[in-house]
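Keeping their order, the protein sequence lines are chains A and B.
FYI, the numbering for the first sequence is 1 to 309, going by full-length UniProt numbering.
FYI, the numbering for the second sequence is 1 to 309, going by full-length UniProt numbering.
Protein chains: 2
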Amino acid sequence: MPSLIKEVSALVRAASLQKQSVEDLRRRGVTIIAADLQGPEDDLTSALAGKDVLIASLPPQNTLDQIGLATAAVKAGIKRFVPNAWATVAPAEGVMILRDVKEQVFNHIKKIRLPFTIIDIGFWHEGVTPVVPSGKFGTASMVGKNFLIGDGSTPSAVTSMDDVGPFVARIIADPRTLNRYVFAYGEIKTQLDCLSLAKKLTGEELEVVPISLDKVSQLANAAETDEYTLWHKMFVQYFNTVWVRGDNCPRYAKELGYMDAKELYPDLPFKTLEESMLETLQGRRNFPEAIGDDQYWEVIAKLLTGGVL
Amino acid sequence: MPSLIKEVSALVRAASLQKQSVEDLRRRGVTIIAADLQGPEDDLTSALAGKDVLIASLPPQNTLDQIGLATAAVKAGIKRFVPNAWATVAPAEGVMILRDVKEQVFNHIKKIRLPFTIIDIGFWHEGVTPVVPSGKFGTASMVGKNFLIGDGSTPSAVTSMDDVGPFVARIIADPRTLNRYVFAYGEIKTQLDCLSLAKKLTGEELEVVPISLDKVSQLANAAETDEYTLWHKMFVQYFNTVWVRGDNCPRYAKELGYMDAKELYPDLPFKTLEESMLETLQGRRNFPEAIGDDQYWEVIAKLLTGGVL
């Protein structure tokens with residue numbers, strides 16, 4: 001299928017214009033436009049003029065910057081806004097702080113009648129790739145320890161980040177997905193599936209840290225402390241929604257009103273978790289940056305395995 | 001189409017069991033069950049045992065009582081919960097206080113995975129039937145004055161309350177509406193349509209109170225005071241969403257994810273506004289209770305026509 005996307009521009013903070021990553025985009029033909037999401041709305045409107053689709057990809061702490069961006073997008077005549085979602089399927093309120101904040105943006109978009117598509121993509125392969133004793137998976141294994149939550153049998157959608165771009169290109173060219181939620185993912189895997197896959201491909205014995213469902217759910221809802229920060233809690237809430245509640249599945253997505261990209265595009269190719277792991281083992285792939293250092297995961301492990309909050 | 005509904009029960013507060021309205025239900029074959037929405041969850045679960053569909057119809061101040069009710073409904077195995085909506089189409093947040101509160105209930109339902117159907121029904125005929133000098137429409141005209149908002153050309157869905165029951169019976173028997181929002185309404189009318197219809201049927205000259213769009217939207221967002229209470233504000237917010245923002249229309253409903261009952265059931269009969277007005281003029285119909293007394297509408301008129309808050 002030929003791409004319908006003719007031109008890609010990227011809004012970048014003035015301070016970042018000279019960064020290597022931005023230079024890489026330029027070299028790939030992306031038009032770079034300086035913009036400040038916290039700056040005057042009129043400047044944002046000018047930056048967006050003439051564009052059809054606007055896609056937000058922001059770090060969590062900038063989620064609410066999309067409120068002004070969306071208002072500017074209406075004035076600029078944007079025909080479809082894809083706000084920051086890019087996560088596991090979860091209910092709108094009361095389970096994940098991060099999802100609660102996104103909901104404010106989604107509600108604002110609907111209130112001002114900005115045409116939208118909200119795309120969630122399941123759990124990254126990096127979130128389910130186990131740690132092996134040899135360290136062969138490197139930062140392609142994002143979670144610092146193999147927390148085995150409950151009996152490890154809860155299914156979850158898992159997706160290669162490499163597939164997200166092609167998924168999105170397809171979704172935003174589809175009139176059926178206008179003003180809808182779309183769940184686009186690769187496969188469905190349990191934690192046990194992921195552990196046995198890693199064991200099969202590496203031949204290594206894996207160390208697991210067994211955690212009860214109750215403990216995860218309790219910690220996910222516990223108040224933050226100096227030790228247990230918002231950043232720890234955000235990840236524990238991912239464990240809770242994905243592995244305890246089992247939210248990150250096509251069935252619940254449908255209950256929440258999502259369209260299923262596998263039904264919309266049965267021909268859409270995707271990378272399997274096994275392919276991702278093999279690429280990493282063969283040195284063809286690396287996750288760019290670790291989420292947390294050892295200390296970060298030690299805190300979570302301590303609290304999950306019985307440390308008192 | 002034969003009804004699929006075999007048995008109807010009603011939960012009623014113990015204090016109301018002897019009321020005439022409850023006796024009327026009993027005589028119509030409704031099983032009356034004493035229940036306290038603020039009582040123990042286990043009692044509610046028992047009261048709901050064996051039921052398939054649960055429909056909430058509560059006054060605004062009891063909206064949040066549905067949180068416990070929904071939790072009990074999950075335990076009782078309710079297959080479909082129809083929470084309190086029964087209103088005009090509006091965005092989830094930031095336009096109507098009443099809708100904001102309902103959203104908390106909707107979010108809870110989705111979080112606990114209680115199967116649901118949310119039904120909005122547009123503006124009641126009583127909300128758009130003008131006041132005529134002879135007073136012939138009586139309490140079938142709910143709004144105390146003919147506020148003409150802007151140029152009166154904003155379209156809105158209008159519905160006879162008599163149709164809501166049959167609409168709901170059809171919707172809850174339909175598997176397509178499970179876990180969906182449905183917009184079920186009679187016709188689309190502007191304020192000018194309603195005024196000219198009333199003039200045609202009564203032959204009377206109508207007095208209108210012209211109000212600017214800006215004034216309505218300003219008052220809808222103004223802080224409450226001793227004089228301008230929550231109850232005034234709730235109605236002004238209806239004016240704002242319906243006649244200023246134009247939210248209460250099939251197109252916006254679709255943008256918000258609603259299914260359209262006219263598309264689901266093209267054969268579904270409904271009463272026109274003209275039929276409603278004629279029934280009232282012929283003494284065959286009366287709106288049971290006025291929303292506010294003269295003083296209530298005087299306050300709103302005073303503030304809308306330039307009174308300082």
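We treat Cβ as the ideally placed atom computed from N, Cα and C, and that holds for glycine.
query                                                                                                                                                                  : result
For B/Glu41, would you say it is in contact with chain A, using Cβ-to-Cβ distances shorter than 8 Å as the test?                                                       : no
Are B/Pro116 and B/Val158 touching if we call contact CB-CB under 8 Å?                                                                                                 : First, the amino acid is wrong: residue 116 of chain B is Phe here, not Pro. Cβ distance not < 8 Å, so B/Phe116 and B/Val158 don't count as in contact.
DSSP state of B/Tyr258, grouped into three classes?                                                                                                                    : strand
Alpha carbon to alpha carbon, how far is A/Thr272 from A/Leu58?                                                                                                        : 26 Å
Can you give the beta carbon distance from B/Gln237 to B/Ala220, rounded, assuming they're within the 8 Å contact cut?                                                 : 5 Å
Go ahead and label A/Leu309 buried or exposed: buried means 16 or more other beta carbons lie within 10 angstroms of its beta carbon, across all protein chains shown. : Residue placement at A/Leu309 is poorly supported in this model, since its pLDDT is 48, which falls under 50; the coordinates are not used for a value here.
Pop quiz: B/Val143 and B/Glu204 are said to be a contact at Cβ under 8 Å. What is the actual Cβ separation, rounded to whole angstroms?                                : About 17 Å separates the two Cβ atoms, so there is no contact after all.
Closer than 7 Å by beta-carbon distance: list the chain A residues that pair up with B/Val95, in chain order.                                                          : Lys111
Which residues of the stretch 254-284 of chain A have a Cβ closer than 8 Å to any Cβ of chain B? Give them in chain order.                                             : Lys254, Glu255, Leu256, Gly257
For a minimum of 3 consecutive residues, which ranges assigned as the beta strand (DSSP E) are wholly contained in the stretch 72-150 of chain B?                      : 80-82, 117-120, 147-149
In chain order, what residues of the same chain lie with their CB nearer than 8 Å to the CB of A/Lys111, ignoring the 5 residues before and after it?                  : none
Around the C-beta of A/Leu304, are 16 or more other C-beta atoms found within 10 angstroms, so that it is buried, or is it exposed?                                    : buried
Taking B/Val299 as part of the alpha helix (DSSP H), name the residues at either end of that continuous run.                                                           : 294-304
Hey, is B/Asn107's beta-carbon within less than 8 Å of any beta-carbon in chain A?                                                                                     : yes
In angstroms, rounded to a whole number, what distance separates the CA positions of B/Gly39 and B/Arg180?                                                             : 29 Å
Of all Cβ atoms in chain B, is any one closer than 8 Å to the Cβ of A/Pro91?                                                                                           : yes
Please compile the residues from chain A whose C-beta is within a distance smaller than 9 Å of the C-beta of B/Asn179.                                                 : Lys254, Glu255, Leu256, Gly257
Is the stretch 161-169 of chain B in contact with the stretch 234-248 of chain B, if contact means three or more CB pairs nearer than 8 Å?                             : no
In three-state terms, what does DSSP make of A/Arg180?                                                                                                                 : strand
So if DSSP puts A/Pro210 in a beta bridge, which residue, or which two residues, is it bridged to?                                                                     : A/Leu148
For A/Glu41, which three-state DSSP category applies?                                                                                                                  : helix
Compare the Cα-Cα distances from A/Asp226 to each of A/Val299, A/Val89, A/Val30, A/Ile5 and report the closest residue.                                                : A/Val299
Across which residues does DSSP place B/Ala157 in a beta bridge pair?                                                                                                  : B/Ile188
Would A/Tyr252 count as contacting chain E if we go by Cβ distances under 8 Å?                                                                                         : Absence of chain E from the displayed structure is noted, the protein chains being A and B.
Ordered along the chain, which non-local residues of its own chain (more than five positions away) have a Cβ less than 6 Å from that of A/Lys302?                      : none
Expressed to the nearest angstrom, what Euclidean distance is found between the alpha-carbon atoms of B/Met1 and A/Ala169?                                             : The predicted position of B/Met1 is uncertain, since its pLDDT is 49 and thus under 50; a value taken from the coordinates is nonetheless stated next. Answer to the nearest angstrom: the Cα atoms are 45 Å apart.
Which partner residues does B/Ile32 have in the DSSP bridge list?                                                                                                      : B/Ala10
Should A/Ile33 and A/Ala14 be called a contact, given that it needs their Cβ atoms to be closer than 8 Å?                                                              : no
List the endpoints of the continuous alpha helix (DSSP H) containing B/Val236.                                                                                         : 230-239
Which residues share a DSSP beta bridge with B/Leu195?                                                                                                                 : According to DSSP, which records beta bridges pairwise, B/Leu195 is partnered with nothing at all.
One question on the structure: do A/Val89 and A/Tyr265 come within less than 8 Å of each other, judged by their Cβ atoms?                                              : no
May I ask which residues mark the beginning and end of the alpha helix (DSSP H) holding A/Leu25?                                                                       : 20-27
What do you get for A/Ser156, buried or exposed, if any count of 16 or more other CB atoms within 10 angstroms of its CB means buried?                                 : buried
Would you please state the rounded distance, in angstroms, between the beta carbons of A/Leu69 and A/Leu44? I believe it to be under 8 Å.                              : 6 Å
According to DSSP, is A/Leu54 helix, strand or coil?                                                                                                                   : strand
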